[in-house]
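Residue numbers (our numbering), protein chains in the order written: chain A, 7 to 474; chain B, 7 to 474.
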């Protein structure tokens with residue numbers, strides 16, 4: 007007898023499984039071990055088992071699954087690399103999870119058009135490996151080797167967004183399977199268009215709640231002729247942020263401009279046995295001609311000196327560049343090592359850059375007051391920063407403190423004209439802030455969801471807060 | 007007695023006028039002379055009189071009008087500078103036209119954030135005039151001194167999109183009045199966000215069919231330290247396009263790269279008494295440091311020489327730059343002068359740049375075959391080109407020929423992976439191509455329209471083709 011909503015969905019899912027099992031055979035799995043594998047992502051959100059995992063290999067197969075799920079009103083979630091940070095691929099309501107692994111081919115590279123057409127499970131490193139000898143590269147770099155479909159679905163960005171844009175700017179077109187099994191292409195391959203509603207941007211960042219991405223056309227850039235890197239510690243966060251602001255105002259096309267705070271620099275020294283100055287530090291990278299990357303670094307050095315950046319080091323050769331940036335790359339491990347028994351809770355907010363120093367300083371003060379451990383790194387060019395909360399989940403008091411701090415940080419960012427997430431997405435972790443962030447606009451989001459997924463089968467329970 | 011749909015709307019509009027007249031007084035006009043003034047734009051589309059014109063001065067006043075129109079199911083259209091090229095602001099179904107003239111204030115400039123908050127009737131030149139001493143500028147330049155609200159509504163772009171992006175990339179957030187009078191803000195002022203559906207991009211390019219834009223937050227750039235300009239004729243269109251492709255592939259951050267075809271160069275010589283080589287010609291502009299703009303021009307010169315670009319001239323001083331670019335600026339007048347009794351029919355398509363030469367050459371051949379006059383200019387960096395059809399509207403045969411040619415050009419662009427309009431928008435002139443361009447995706451556009459404007463009062467008859 008069906009007694010709960012979860013059991014109801016499981017029973018409906020059984021119908022879907024029955025309907026699909028002949029076609030999919032061993033590609034449709036209900037074994038617990040497989041379901042467990044697809045129950046979690048990199049976040050601390052509680053894993054949930056889907057009712058089945060189906061490995062799809064084509065748009066037609068995605069259609070087949072979605073059509074069956076639509077018929078039986080069963081939730082469907084696409085799962086890429088599982089590197090989401092807000093639980094976006096966790097099947098919180100059960101239903102079917104799509105294992106996209108087999109949709110991992112680069113389909114076309116248009117050298118002259120600077121674009122590539124890929125299947126959604128191609129990862130960003132895989133694409134760049136493929137492009138290695140073409141003179142082109144794909145720019146968006148969120149850290150993890152995420153799938154490009156997942157990156158589009160969560161509107162990912164990363165360290166070089168300040169120069170090349172986020173997924174918002176780098177997805178030219180997508181093929182999407184809608185909730186009723188229809189297949190659409192969101193746009194033509196042309197670089198720009200003024201022909202109709204911008205469906206590409208509607209699906210970028212929709213976190214699987216409007217449809218399943220089955221193909222992407224991505225913007226590429228020419229590999230820079232030369233790269234230079236620089237590192238510069240500052241007495242205060244304000245000086246580092248001011249340097250970022252003036253660098254951008256001056257039109258210096260900085261490729262990366264990352265802030266690592268003093269707590270993080272301490273963590274790195276402790277972890278790597280290095281002796282960096284334990285102050286807020288900017289890590290920079292410049293792309294361009296050999297002449298230009300030299301000039302760019304020199305210009306930033308002058309700006310930094312005006313704002314308390316005293317020990318500006320820069321390098322052109324790959325090995326020297328890597329040495330300079332090593333600390334930034336070690337951050338993930340170094341942070342975790344501060345409190346080995348902790349789980350990492352990575353979160354981010356983004357504010358107008360003029361309010362960034364204020365937001366960081368106040369958040370840092372709050373962390374100290376609460377005696378929490380939380381290294382901080384920022385994509386300062388975008389006004390975006392990450393907090394890596396190290397929380398001992400055995401300690402409920404600490405967990406509570408961390409939750410309260412997190413909420414205060416988000417509300418602080420909103421009060422400063424910012425957003426509750428710059429790049430991690432909403433998923434499960436930021437749902438409760440969407441009303442505060444968007445107000446009446448949230449009702450428009452509900453209308454769109456209702457129009458395109460009236461049965462609420464596409465990744466239900468994510469992004470949009472549950473209606474009261 | 008009401009006998010036609012048009013009369014029905016007029017009768018309903020009378021109710022709205024009655025309801026609003028006390029509040030708006032002389033700001034609500036039904037005089038024929040005023041209605042005529044707001045009945046047309048710069049296109050050749052047939053003017054249509056709205057039932058009334060109401061001058062609004064605030065978001066609250068826009069709400070008031072839209073709420074009344076919603077109550078009586080009366081169409082409402084926002085009118086900015088009337089510089090649209092596809093009839094976007096023509097009240098084809100009658101109803102009320104909003105005269106936005108009074109909403110023309112620059113509200114805030116955030117120097118450090120590189121953004122400005124403006125009312126929708128601020129024009130792009132007005133904003134740049136306002137910014138003159140700030141070291142910042144607003145980049146999007148469609149030629150006409152259009153209102154920024156209108157530019158956002160039509161997803162305008164222009165000559166320097168290749169470097170700075172179109173309205174798609176340069177609108178950070180908007181305030182919009184919806185069909186039922188609700189007011190939303192599409193996004194926060196932060197540079198990026200992963201929090202919810204991208205409503206900003208949904209409203210950019212929606213041509214007033216989903217809501218009325220009442221405020222915009224726009225991205226600004228630092229004024230470049232130096233500008234250089236260059237001009238180079240090519241034996242063939244292919245060489246010019248190849249030069250554009252390799253320039254972009256090389257990562258040279260060219261600010262403008264315009265193609266003027268041989269017919270246009272002839273027209274310019276005839277009009278201005280100049281003696282330019284009558285060949286396809288590239289007009290370029292470079293922004294950057296003094297060193298960098300020199301280097302950029304030199305690099306392009308080398309590329310151009312590889313592709314039959316023989317007489318590369320470049321200049322740094324403002325007066326020399328203006329002399330070099332003069333021909334490009336004279337195009338509008340020179341074209342018209344070719345056939346003084348003609349009306350100008352300006353249209354555009356956009357294709358992947360790899361197919362641009364082919365699309366241009368075949369279209370040019372088609373024009374010659376039909377013995378039509380149609381100078382052509384292209385934003386080649388974007389794969390976008392414009393045809394300026396000079397048509398004697400007294401000659402029905404010529405009008406027919408031009409219409410057929412226009413249709414063939416659009417279908418050719420679509421067949422090459424392109425779009426029916428890169429920057430002019432759909433309005434009335436491109437509606438019939440949306441099905442061919444978008445296929446099933448068009449049904450998603452209808453769903454969105456239905457969800458946000460169920461009564462179809464927001465600029466009805468535009469963009470989306472009439473359902474059969």
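Even for Gly, the Cβ is constructed at its ideal location relative to N, Cα and C.
Strictly under 8 angstroms for the Cβ-Cβ distance: is residue i near chain A by that measure?
i: residue 198 of chain B; result: yes
i: residue 227 of chain B; result: yes
i: residue 304 of chain B; result: no
i: residue 69 of chain B; result: no
i: residue 443 of chain B; result: yes
i: residue 432 of chain B; result: yes
i: residue 204 of chain B; result: yes
i: residue 259 of chain B; result: yes
i: residue 516 of chain B; result: Missing from the structure shown is residue 516 of chain B; chain B here goes from 7 to 474 and no further.
i: residue 360 of chain B; result: yes
i: residue 157 of chain B; result: no
i: residue 424 of chain B; result: yes
i: residue 468 of chain B; result: no
i: residue 148 of chain B; result: no
i: residue 201 of chain B; result: yes
i: residue 418 of chain B; result: no
Tell me where the beta strand (DSSP E) around residue i begins and ends.
i: residue 353 of chain B; result: 349–356
i: residue 392 of chain B; result: 390–397
i: residue 154 of chain A; result: From DSSP, residue 154 of chain A is part of no beta strand (DSSP E) but of the alpha helix (DSSP H) over 154–159.
i: residue 262 of chain B; result: 260–266
i: residue 234 of chain A; result: 232–239
i: residue 102 of chain B; result: 102–105
i: residue 61 of chain B; result: 58–61
Between which two residues does the alpha helix (DSSP H) carrying residue i extend?
i: residue 253 of chain B; result: 243–255
i: residue 173 of chain A; result: 173–176
i: residue 209 of chain B; result: 205–209
i: residue 341 of chain A; result: 324–343
i: residue 136 of chain B; result: 130–137
i: residue 14 of chain B; result: 11–30
With a threshold of 8 angstroms between beta carbons, is residue i in contact with chain B?
i: residue 163 of chain A; result: yes
i: residue 208 of chain A; result: yes
i: residue 95 of chain A; result: no
i: residue 366 of chain A; result: no
i: residue 341 of chain A; result: no
i: residue 273 of chain A; result: no
i: residue 64 of chain A; result: no
i: residue 9 of chain A; result: no
i: residue 230 of chain A; result: yes
i: residue 262 of chain A; result: no
The stretch 124–135 of chain A: which residues have C-beta closer than 8 angstroms to a C-beta of chain B, in chain order?
Those residues of the stretch 124–135 of chain A that come within reach of chain B (Cβ to Cβ, closer than 8 angstroms) do not exist; the list is empty.
Could you please tell me which residues of the stretch 382–397 of chain B, in chain order, have their CB closer than 7 angstroms to any CB of chain A?
388, 389, 390
The stretch 105–124 of chain B: positions lying closer than 9 angstroms to chain E by Cβ:
Of the protein chains in the structure, A and B, none is chain E.
How do the stretch 210–221 of chain B and the stretch 93–113 of chain B stand: do at least 3 beta-carbon pairs fall below 8 angstroms, yes or no?
yes
Under 8 angstroms: do the stretch 227–238 of chain B and the stretch 297–315 of chain B share three or more Cβ pairs, one atom per stretch?
yes
Near-chain B residues of the stretch 278–304 of chain A - C-beta to any C-beta below 8 angstroms:
293, 294, 295, 297, 298, 301
Give the residues from the stretch 446–464 of chain A that approach chain B closer than 9 angstroms (Cβ to any Cβ), ordered along the chain.
Under the 9 angstroms Cβ criterion, the stretch 446–464 of chain A contributes 446, 447, 448, 449, 450, 451, 453, 454, 455, 456, 457, 458.
Counting pairs of Cβ atoms below 8 angstroms between the stretch 191–200 of chain A and the stretch 161–179 of chain A, do you hit three or more?
yes
Which runs of the beta strand (DSSP E) spanning at least 3 residues fall entirely within the stretch 296–324 of chain A, listed in chain order?
319–321
Is there contact here, the stretch 165–173 of chain B with the stretch 433–446 of chain A, by at least three beta-carbon pairs under 8 angstroms?
Output reads no: the stretch 433–446 of chain A does not touch the stretch 165–173 of chain B.
Does the stretch 203–214 of chain B come into contact with the stretch 440–455 of chain A, if we say contact requires no fewer than three beta-carbon pairs (one atom in each stretch) closer than 8 angstroms?
Contact between the stretch 203–214 of chain B and the stretch 440–455 of chain A is present, because at least three Cβ pairs lie under 8 angstroms.
Residues in the stretch 236–258 of chain A with C-beta within 8 angstroms of chain B's C-beta atoms, listed in sequence order?
251, 254, 255, 256, 257
Could you tell me whether the stretch 408–418 of chain B touches the stretch 279–291 of chain B, using the rule of 3 or more Cβ pairs below 8 angstroms?
no
In the stretch 175–200 of chain A, which residue ranges form an unbroken beta strand (DSSP E) of at least 3 residues, counting only runs that do not cross its ends?
177–184, 189–191
Is it a yes or a no for the stretch 322–340 of chain B touching the stretch 365–373 of chain B, going by three-plus beta-carbon pairs under 8 angstroms?
no
What residues in the stretch 313–334 of chain B have a beta carbon less than 9 angstroms from any beta carbon of chain A?
Per Cβ criterion, the list is empty.
Touch check for the stretch 62–69 of chain A and the stretch 153–164 of chain A: three-plus C-beta pairs under 8 angstroms?
no
Given 8 angstroms, three or more beta-carbon pairs between the stretch 443–450 of chain A and the stretch 63–79 of chain A
no
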